[in-house]
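If you want my numbering, it's the position in the sequence shown, counting the first as 1, plus 71.
Where is the CB? At the ideal position from N, CA and C, for every residue including glycine.
A short write-up of the structure that comes next.
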Amino acid sequence: MNFTTSTLDFSIQAYQEGMNPPVTKPNPEFLKDITEQGMRDLLDRFYMGLFDSPIQNIFPQTKEEMKIAGQHSADFFIQICGGPKYFNQNRGAPKMRERHAPFRITPHARLHWLVTFEEALQPIIKNKLSSEENIQSFWNYLNVFSQWMINSKD
């Protein structure tokens, strides 16, 4: 892996109301590189970041509940990256739009969500735990997936 010149692009695609762009799953190698525990650590960092974010109000209100939500999310991301189907086994079919319907998710909230995820990815980048290609693939998935979750105007 050559990280001397980063090619990572964390730009955020503009949201267009009523448009649901096609979602491409991340490269399965991302999970192989960082391991299941690495994914759990990533989601723990992410959810703890959300706990201190401007959109914390749409998430669990205690750190303990937030950690549990992070592990459910880790199950989802492990599964979406080609790992065991923990989410299906423990929570049923993902149906993420349906699961998020009770929460007001705006384009503005999506931006905070993505920025927090980028911050959570930094140790993976810094410690070169995966290739830039695999990290980019994961980011690209998040970028599009997050558009699908928007269910409210700002």
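Practice item. Taking Leu-114 and Ala-164 to be in contact with their CB atoms under 8 Å, please state how far apart those CB atoms are, rounded to whole angstroms. Key: At roughly 20 Å, the Cβ-Cβ gap does not stay under 8 Å, so Leu-114 and Ala-164 are not in contact.
Practice item. May I ask which residues mark the beginning and end of the alpha helix (DSSP H) holding Thr-175? Key: Reading the sequence as shown, one finds Arg at residue 175 and not Thr. Per DSSP, Arg-175 belongs to no alpha helix (DSSP H) and is neither H nor E.
Review point. Which word fits Ala-85, buried or exposed, when buried means at least 16 other C-beta atoms lie within 10 angstroms of its C-beta?
Key: exposed
Check your understanding: Would you report the Cα separation of Phe-174 and Ile-129, rounded to the nearest angstrom?
Key -> 6 Å
**Study point:** Three-way DSSP call (helix, strand, coil) for Glu-88 in this model
**Key:** coil
Practice item. Reducing DSSP to helix, strand and coil, say where Thr-106 ends up. Key: helix
Practice item. Could you check the C-alpha separation between Lys-199 and Asn-91 for me, to the nearest Å? Key: 32 Å
Check your understanding: What does a CB cutoff of less than 6 Å around His-171 pick up in its chain, not counting 5 residues either side in sequence?
Key -> Met-220
Check your understanding: How many angstroms separate the CA atom of Asn-73 from the CA atom of Glu-204?
Key -> Interpretation of Asn-73 is limited by its pLDDT of 48, a score under 50 that renders its predicted location unreliable; no figure is taken from the coordinates.
Exercise for review: Enumerate in chain order the residues of its own chain whose CB-to-CB distance from Lys-156 is below 7 Å, with the five nearest sequence positions on each side excluded.
Suggested key: Gln-150
Review point. According to the neighbour-count rule (16 or more other Cβ atoms, all chains shown, within 10 Å of its Cβ), is Gln-87 buried or exposed?
Key: exposed
Review point. Considering only the beta carbon of each residue, do Pro-93 and Ser-208 sit closer than 8 Å?
Key: no
Review point. In terms of residues, what are the limits of the alpha helix (DSSP H) holding Val-215?
Key: 203-220
Check your understanding: Which word fits Arg-168, buried or exposed, when buried means at least 16 other C-beta atoms lie within 10 angstroms of its C-beta?
Key -> exposed
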